[in-house]
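A.B. asks:
2 protein chains.
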Amino acid sequence: MVHYQARLDRTFAALSDVTRRGVLEQLGNTDASVTDLAQRFHMTLTGMKKHVSILEQAGLVTTEKVGRVRTCKLGLRQLEEEAAWIEQHRQLWSARFDALDELVEHLKREEKADAQRKRR
Amino acid sequence: MVHYQARLDRTFAALSDVTRRGVLEQLGNTDASVTDLAQRFHMTLTGMKKHVSILEQAGLVTTEKVGRVRTCKLGLRQLEEEAAWIEQHRQLWSARFDALDELVEHLKREEKADAQRKRR
DNA sequence: TCTACAGTGAACCATATGGTTCACTATCAA
DNA sequence: TTGATAGTGAACCATATGGTTCACTGTAGA
Numbered sequence: 528m529v530h531y532q533a534r535l536d537r538t539f540a541a542l543s544d545v546t547r548r549g550v551l552e553q554l555g556n557t558d559a560s561v562t563d564l565a566q567r568f569h570m571t572l573t574g575m576k577k578h579v580s581i582l583e584q585a586g587l588v589t590t591e592k593v594g595r596v597r598t599c600k601l602g603l604r605q606l607e608e609e610a611a612w613i614e615q616h617r618q619l620w621s622a623r624f625d626a627l628d629e630l631v632e633h634l635k636r637e638e639k640a641d642a643q644r645k646r647r
Numbered sequence: 528m529v530h531y532q533a534r535l536d537r538t539f540a541a542l543s544d545v546t547r548r549g550v551l552e553q554l555g556n557t558d559a560s561v562t563d564l565a566q567r568f569h570m571t572l573t574g575m576k577k578h579v580s581i582l583e584q585a586g587l588v589t590t591e592k593v594g595r596v597r598t599c600k601l602g603l604r605q606l607e608e609e610a611a612w613i614e615q616h617r618q619l620w621s622a623r624f625d626a627l628d629e630l631v632e633h634l635k636r637e638e639k640a641d642a643q644r645k646r647r
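Chains A and B, in that order, are what the protein sequence lines are.
Start counting the first sequence at 528; every next residue gets the next number (this note's numbering).
Start counting the second sequence at 528; every next residue gets the next number (this note's numbering).
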């Protein structure tokens with residue numbers, strides 16, 4: 528696959544912005560219009576539109592416009608390749624760690640708590 | 528943890544460059560000096576130094592200077608949080624997929640093949 | 001038909017990024 | 001001590017990024 532590296536570029540870049548990660552999280556709960564997202568993230572429509580476009584180009588979000596409103600949902604691409612990349616590289620040199628899975632579980636819980644803290 | 532989001536920002540940004548991913552891959556095989564890396568990636572010393580600094584700031588690489596030469600190794604942080612983030616978000620909405628693990632395995636093999644192709 | 005609303009696109013702005021060259025320091029080895 | 005080598009830092013450059021405002025189009029409702 529020729530575009531493999533370019534796709535990783537785009538996806539990791541898409542994930543490197545806190546707003547865009549927030550949008551993904553939001554869309555994990557429920558679909559939303561661009562206006563919805565713009566309001567939730569205190570940003571102009573135009574600004575949010577750009578973020579959505581970037582996520583869409585990375586395949587992480589799909590959108591559909593019906594009438595005036597464009598609805599955003601999570602895309603079909605679910606970071607399989609990125610997960611695989613990271614997984615592979617962790618395996619590359621992580622033999623020396625034993626309880627890595629438990630660590631991941633721990634961090635997942637931590638992030639969940641972090642997300643809840645944010646919501647308040 | 529207050530800096531959680533900032534760290535994800537930095538790490539995903541670090542991973543969004545093909546050269547830096549290449550450096551990580553390279554360091555997975557063997558430690559290397561900045562000069563080594565600069566040559567392998569057809570870049571000036573100064574340019575490579577910047578990449579190394581970015582990887583170092585993200586905690587993905589550690590370096591040690593002995594004499595004139597600064598040796599780079601893979602850092603202790605092994606993308607645990609990034610793996611956890613991605614894993615969590617895949618779980619968020621991937622219940623509808625069955626054979627996801629197999630897909631990941633498939634993609635890992637594909638990436639391996641890709642890397643071998645590149646090496647030729 | 002009129003008005004308000006959702007989105008789009010162009011232009012602009014400040015800052016960041018990925019790279020370079022050049023001047024400099026420090027160290028190794030003859 | 002002298003020359004070559006490894007790295008560092010400042011300055012610079014082109015382009016990308018993350019945001020804005022403003023002018024515009026298209027659609028929904030009264």
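Glycine included, C-beta positions come from ideal geometry on N, C-alpha and C.
Going along the chain, which residues of the stretch 554-587 of chain A sit with their C-beta nearer than 8 Å to a C-beta in chain B?
C.D. replies: Gly555
A.B. asks: Who pairs with B:Thr590 in a beta bridge, going by DSSP?
C.D. replies: B:Cys599
A.B. asks: For a quick check, are the C-beta atoms of B:Ser543 and B:Thr598 less than 8 Å apart?
C.D. replies: Going by C-beta atoms, B:Ser543 is not nearer than 8 Å to B:Thr598.
A.B. asks: Leaving aside the five residues before and after B:Glu609 along the sequence, list all residues of the same chain whose C-beta is less than 8 Å from its C-beta, in chain order.
C.D. replies: In its chain, beyond the 5 residues on either side, Leu535, Thr538, Phe539, Leu542 have a beta carbon closer than 8 Å to the beta carbon of B:Glu609.
A.B. asks: At the 8 Å Cβ level, is B:Val545 part of the contact set with chain A, yes or no?
C.D. replies: yes
A.B. asks: Pairing CB atoms from the stretch 568-583 of chain A with CB atoms from the stretch 543-553 of chain A, are three or more of them under 8 Å?
C.D. replies: yes
A.B. asks: Hey, A:Glu583 and A:Thr573: beta-carbon distance below 8 Å or not?
C.D. replies: no
A.B. asks: Quick one: which chain A residues come within Cβ less than 7 Å of B:Arg534?
C.D. replies: Those within 7 Å of B:Arg534 in chain A number zero; the least Cβ separation is about 11 Å.
A.B. asks: From B:Asp558 to B:Leu587, what does the alpha carbon distance come to, in whole angstroms?
C.D. replies: Distance from the CA of B:Asp558 to the CA of B:Leu587, rounded to the nearest whole angstrom, comes to 13 Å.
A.B. asks: Along chain A, which residues have their Cβ under 7 Å away from the Cβ of B:His660?
C.D. replies: The requested residue 660 of chain B is not part of the displayed model; chain B covers only 528 to 647.
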